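A.B. asks: Sharing a structure below in structure tokens format, with a few things to ask.
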Amino acid sequence: MTAVLLIHGLFGSLNAPRILSAFVNRLVLAPDLLGYGALRDQSPAGWTLVDQADHVAAHVREHVECQVDVIGHSVGGAVATIFAHRYPELTRSLTSVEGNMTLSDAFWSQKIARQALPDIAQEVAGFRSDVAAWIGRSGVAASAFTLSTAAAWLDNQPVSTLRTQARAVVSATAAEEYLEQLRAVVASGVPVHLVAGARSRHGWNVPEWLSARATSDTVIADTGHLMMLENPQLFADTLLRNLDDDLVDNRRR
1 MTAVLLIHGL
11 FGSLNAPRIL
21 SAFVNRLVLA
31 PDLLGYGALR
41 DQSPAGWTLV
51 DQADHVAAHV
61 REHVECQVDV
71 IGHSVGGAVA
81 TIFAHRYPEL
91 TRSLTSVEGN
101 MTLSDAFWSQ
111 KIARQALPDI
121 AQEVAGFRSD
131 VAAWIGRSGV
141 AASAFTLSTA
151 AAWLDNQPVS
161 TLRTQARAVV
171 SATAAEEYLE
181 QLRAVVASGV
191 PVHLVAGARS
201 RHGWNVPEWL
211 SARATSDTVI
221 ADTGHLMMLE
231 NPQLFADTLL
241 RNLDDDLVDN
251 RRR
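Per the UniProt record's numbering, residue 1 is the first one in the sequence shown, and the count goes up by one each step.
Structure, rendered in structure tokens:
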């Protein structure tokens, strides 16, 4: 038995029912990170991405007794990498969905990390005032599902969480150690998958060595950075196809 572990990005979560239900016949874990959702008022004043990875590992151990296919989106991709490096005994595979690789990927986090809380709050309030325009920047069409889910994402964390998490990802991806950890995961033989939206792949700074050594490098057609919001079923089908290929390859060995 294996389970799928979804690690969300800077805003929101990946536990919307329509996103989870797309992973048919799979056990899916989609925990809130420190400072988010149910943990928005129960988290330390500051944390690192190592703290987030440790928190996720504790969640996994509490809920399953098997390895997990770790899938991280955007900032969550950085957490997923650190998780896979620190907890190889819990990791069956690693999938980075446009996960932060360098400071260039963390451009949004770099901005928030430097801002005062009132300025962040004003910007988020602007997103809330026109959710359709906010998701439209990523090419996501407005619908009852996309608008309600995006609004929930905006409300899932206080602005203090956004700044603390942004500072954590900037600190992590600025260090050479981060990519060395990713190299170690690849070298260990753990399947490492890269997934991006067709409209946003060009802006993702994937090192050449990783593209060459990744188990798969998939571009999801007609989607952008928020592909799980834009087309939840296609998102899940793409990820599961990669994971199923891993199982076939293991049986052939």
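Beta carbons are placed, not taken as given, at the ideal position from N, Cα and C, and that holds for glycine. Computed from a prediction, not measured in an experiment: that's the story for all the values here.
Mind checking which residues open and close the alpha helix (DSSP H) that includes Arg-128?
C.D. replies: If you number the sequence shown from 1, residue 128 lands on position 128. Unbroken alpha helix (DSSP H) run through Arg-128: 117–129.
A.B. asks: Checking the sheet assignment: what are the DSSP bridge partners for Ile-7?
C.D. replies: In the sequence shown, counting from the first residue as 1, residue 7 sits at position 7. In the DSSP output, where bridge partners are listed per residue, Ile-7 has Gly-72.
A.B. asks: Going by DSSP, what residue range makes up the alpha helix (DSSP H) through Val-56?
C.D. replies: Residue numbering aside, residue 56 sits at position 56 when the sequence shown is read from its first letter. Where Val-56 is concerned, the enclosing alpha helix (DSSP H) stretches over 49–63.
A.B. asks: DSSP three-state label for Thr-161, please.
C.D. replies: Within the sequence shown, the letter at position 161 stands for residue 161. Helix, per DSSP.
A.B. asks: Once the 5 residues before and after Val-28 are set aside, which same chain residues still bring their CB inside 6 angstroms of it?
C.D. replies: As a working mapping, residue 28 is identified with position 28 in the sequence shown. Contacts found: Val-4, Leu-20.
A.B. asks: Let me know if Asp-105 comes out buried or exposed under the rule of 16 or more other beta-carbons within 10 Å of its beta-carbon.
C.D. replies: Residue 105 sits at position 105 when you count from the first residue of the sequence shown. Its Cβ being crowded by 16 or more others within 10 Å, Asp-105 is buried.
A.B. asks: Helix, strand or coil: which one does DSSP assign to Asp-217?
C.D. replies: Against the sequence shown, residue 217 aligns to sequence position 217. Reduced to three states, the DSSP call for Asp-217 is strand.
A.B. asks: Within the same chain, show all residues whose beta-carbon is closer than 6 angstroms to that of Tyr-178, passing over the 5 residues directly before and after it, in chain order.
C.D. replies: In the sequence shown, residue 178 corresponds to position 178, counting from 1. For Tyr-178, where only same-chain residues beyond five positions count, the Cβ hits under 6 angstroms are Ala-172.
A.B. asks: Where does Val-140 fall in DSSP's three states?
C.D. replies: Residue 140 sits at position 140 when you count from the first residue of the sequence shown. Val-140: coil per DSSP, three-state reduction.
A.B. asks: How should Asn-25 be labelled, buried or exposed, when 16 other C-beta atoms within 10 angstroms of its C-beta is the threshold for buried?
C.D. replies: Start at 1 with the first residue of the sequence shown, and residue 25 comes out as number 25. When all chains shown are included, Asn-25 counts as exposed.
A.B. asks: Kindly give me the distance between the Cβ atoms of Val-70 and Thr-102, rounded to whole angstroms, as I take these residues to be in contact under 8 angstroms.
C.D. replies: The residue given as residue 70 occupies position 70 in the sequence shown. The residue given as residue 102 occupies position 102 in the sequence shown. With a Cβ gap of about 20 angstroms, Val-70 and Thr-102 do not count as contacting.
A.B. asks: Which same chain residues, not among the five before or five after Leu-33, have their C-beta less than 8 angstroms away from its C-beta?
C.D. replies: By one-based count along the sequence shown, residue 33 stands at place 33. Here the set comprises Ile-7, His-8, Leu-39, Gln-52, His-55, Val-56, Gly-76, Val-79, Gln-165.
A.B. asks: Along the chain, where does the beta strand (DSSP E) containing Leu-229 start, and where does it finish?
C.D. replies: Translated into positions along the sequence shown, residue 229 becomes position 229. Premise fails: Leu-229 lies in the alpha helix (DSSP H), 227–230, not in any beta strand (DSSP E).
A.B. asks: Report the three-state DSSP secondary structure of Thr-223 (helix, strand or coil).
C.D. replies: Locating residue 223 in the sequence shown gives position 223, counting from the first residue. Correct three-state label for Thr-223: coil.
A.B. asks: Does the Cβ of Glu-62 have 16 or more other Cβ atoms within 10 Å, making it buried, or fewer, making it exposed?
C.D. replies: What you label residue 62 is simply residue 62 of the sequence shown in a count that begins at 1. When all chains shown are included, Glu-62 counts as exposed.
A.B. asks: Buried or exposed: Trp-209, going by 16 or more other Cβ atoms within 10 Å of its Cβ?
C.D. replies: Locating residue 209 in the sequence shown gives position 209, where the first residue counts as 1. Result: exposed.
A.B. asks: Applying the 10 Å Cβ sphere with the 16-neighbour rule, what's the burial state of Leu-226?
C.D. replies: Numbered from 1 along the sequence shown, position 226 holds the residue referred to as residue 226. Buried, because 16 or more other Cβ atoms sit within 10 Å of the Cβ of Leu-226.
A.B. asks: Restricting to Cα atoms, I'd like to know which of Ala-184, Thr-223, Val-192, Pro-191 is closest to residue 256.
C.D. replies: Given a span of 1 to 253 for the chain in the structure shown, any question on residue 256 remains unanswerable.
A.B. asks: For the beta strand (DSSP E) that Arg-18 lies in, which residues bound it at each end?
C.D. replies: Your numbering for residue 18 matches position 18 in the sequence shown. Careful: Arg-18 lies outside any beta strand (DSSP E), inside the alpha helix (DSSP H) at 17–21.
A.B. asks: What do you reckon, are the CB atoms on Val-97 and His-59 nearer than 8 angstroms?
C.D. replies: Against the sequence shown, residue 97 aligns to sequence position 97. Against the sequence shown, residue 59 aligns to sequence position 59. For Val-97 and His-59, no; Cβs fall outside 8 angstroms.
A.B. asks: Is the Cβ of Ala-141 closer than 8 angstroms to any Cβ of chain B?
C.D. replies: Structure shown: chain B not included; a single protein chain is present.
A.B. asks: Would you decide whether Arg-253 is buried or exposed? Buried here means 16 or more other CB atoms lie within 10 Å of its CB.
C.D. replies: For the purposes of this step, residue 253 is taken as residue 253 along the sequence shown, with counting starting at 1. Residue confidence is low: Arg-253 scores 45 on pLDDT, short of 50, so the model does not pin down where it sits. Its coordinate-derived value is still stated next. Flag for Arg-253 reads exposed.
A.B. asks: If I'm right that Val-190 touches Ser-93 with Cβ under 8 angstroms, what's the distance once you round it to whole angstroms?
C.D. replies: Counting from 1 along the sequence shown, the entry for residue 190 is found at position 190. Counting from 1 along the sequence shown, the entry for residue 93 is found at position 93. Going by Cβ atoms, the distance from Val-190 to Ser-93 rounds to 6 angstroms, so yes, they are a contact pair.
A.B. asks: Are the beta-carbon atoms belonging to Ala-152 and Val-131 less than 8 angstroms from one another?
C.D. replies: As a working mapping, residue 152 is identified with position 152 in the sequence shown. As a working mapping, residue 131 is identified with position 131 in the sequence shown. No.
A.B. asks: Whole angstroms is fine: what's the gap from Val-219's alpha carbon to Glu-230's?
C.D. replies: On the sequence shown, residue 219 is found 219 positions in, with the first residue counted as 1. On the sequence shown, residue 230 is found 230 positions in, with the first residue counted as 1. Roughly 14 angstroms between the two C-alpha positions.
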